[in-house]
Amino acid sequence: MFASVSLMLALTGCEETVKSTYRIEVGDKSSNSQANLLLQIAANEYVAEYNESAKTELRTEKEARSWFNSACDDIKNKVDAMGLPVMEDSWIIFELSDYTNVVDSKQVYFSESHS
27 MFASVSLMLA LTGCEETVKS TYRIEVGDKS SNSQANLLLQ IAANEYVAEY NESAKTELRT
87 EKEARSWFNS ACDDIKNKVD AMGLPVMEDS WIIFELSDYT NVVDSKQVYF SESHS
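In this note's numbering, the protein residues as written are 27 to 141.
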């Protein structure tokens, strides 16, 4: 009897919803972004704000990816709105981490300033 119940549970695929905490990390940068200290400071500041607000929230990986994509878009928009002197081909790779592994990444290009 026990074996048949165990088999039935295995066959029905009881899925466990796993939730974790996630954070955004700054990954690789273009040489133009590495040379632009103001861009690095602004991007790091916005990443820190997102991580501070997210550090106690538990999310599924799907929810975390959605949050991450929205955060990357928002960080880009906020940095671009600052009007910093940004050269062509200035990008930063942001990474979504579950504190153990990088589960997603996004290369974000910042708008070239026309001063």
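Glycine residues also receive a C-beta, built at the ideal position from the N, C-alpha and C atoms.
Starting from residue i and walking both ways along the beta strand (DSSP E), at which residues does that stretch end?
i, result
"ASP130", "128-135"
What do you reckon, are the CB atoms on residue i and residue j nearer than 7 Å?
i, j, result
"THR82", "LYS45", "no"
"ILE119", "ASP54", "yes"
"SER79", "TRP117", "no"
"ASN70", "MET113", "no"
"GLU51", "GLU121", "yes"
"ASP130", "PHE94", "yes"
Within 10 angstroms of the Cβ of residue i, are there 16 or more other Cβ atoms? Answer buried if so, exposed if not.
i, result
"SER32", "In this prediction, SER32 has a pLDDT of 49, which is less than 50 and means its spatial position is unreliable; what the coordinates show is noted afterwards. Exposed: under 16 other Cβ atoms inside 10 Å."
"ASN62", "buried"
"TYR48", "buried"
"LYS88", "exposed"
"ALA74", "exposed"
"VAL105", "buried"
For the alpha helix (DSSP H) containing residue i, list its first residue and its last residue.
i, result
"SER1", "Residue 1 falls outside the range modelled here, since the chain spans only 27 to 141, and no answer is possible."
"ASN58", "57-60"
Pop quiz: residue i and residue j are said to be a contact at Cβ under 8 Å. What is the actual Cβ separation, rounded to whole angstroms?
i, j, result
"TYR76", "ALA97", "5 Å"
Specify the secondary structure class of residue i as computed by DSSP and reduced to three states.
i, result
"LEU110", "coil"
"GLU42", "coil"
"LEU84", "coil"
"SER123", "strand"
"GLU138", "coil"
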